[in-house]
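Heads up: the structure comes next, in structure tokens.
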Amino acid sequence: MKSCLIVDDSRVIRKVSRHILESLGFTVEEAENGQEGLEHCQGTMPDVILLDWNMPVMTGIEFIAQLRQQPGGDKPKVVFCTTENDIAHIREAISAGADEYVMKPFDHETLQIKLQLVGMA
1 MKSCLIVDDS RVIRKVSRHI LESLGFTVEE AENGQEGLEH CQGTMPDVIL LDWNMPVMTG
61 IEFIAQLRQQ PGGDKPKVVF CTTENDIAHI REAISAGADE YVMKPFDHET LQIKLQLVGM
121 A
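Residue 92 in full-length UniProt numbering sits at position 92 of the sequence shown, with consecutive numbering throughout.
This is the structure we're talking about:
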């Protein structure tokens, strides 16, 4: 069974994402900021990470930069989930190491397509 870590400061987004991911057969863990997410990855590296952009403590960009430097940190597929939709933000996310990008709010079908694009659905 594939594992996913949801890193988002919104409890509602984590709940909706968890529901979608579990229906797709993922085991799901949650973190409410980048620092908590990074600590989780240091213990158990997930297959996929759904990553929010704007969070307190550590942003998504800071998280992915540090994740990719960890042992095994190159393995998880990272999908940025954010309200930022301009091309500069998308380029920044991809150049920082993201594999895909999905706009909030997203639905089951949209997230499933993004996971298929990164080879995880």
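Glycine included, C-beta positions come from ideal geometry on N, C-alpha and C.
What are the boundary residues of the beta strand (DSSP E) that residue 77 is part of?
-> First-last of the beta strand (DSSP E) with residue 77: 77 to 82.
CB residue 9 to CB residue 52, shorter than 8 Å?
-> Their beta carbons are under 8 Å apart, which means residue 9 touches residue 52 by this criterion.
Which parts of the UniProt domain "Response regulatory" (3 to 119) are runs of the alpha helix (DSSP H), unbroken and 4 residues or longer, counting only runs that do not cross its ends?
-> Correct list: 11 to 23, 34 to 43, 60 to 67, 87 to 96, 108 to 117.
Would you kindly check if the distance between the Cβ of residue 28 and the Cβ of residue 22 is under 8 Å?
-> Judged by beta-carbon spacing, residue 28 lies within the 8 Å limit of residue 22, meaning their Cβ atoms are closer than that value.
Cα separation between residue 5 and residue 17?
-> About 10 Å.
Return the chain-ordered list of same chain residues with a C-beta closer than 7 Å to the C-beta of residue 75, the five sequence neighbours on each side being excluded.
-> Cβ neighbours of residue 75 within its own chain (closer than 7 Å, five residues either side excluded): 45.
Are the CB atoms of residue 48 and residue 64 nearer to each other than 8 Å?
-> Result no, Cβ atoms of residue 48 and residue 64 do not sit closer than 8 Å.
Distance, Cα to Cα, residue 91 vs residue 83?
-> Answer to the nearest angstrom: the Cα atoms are 14 Å apart.
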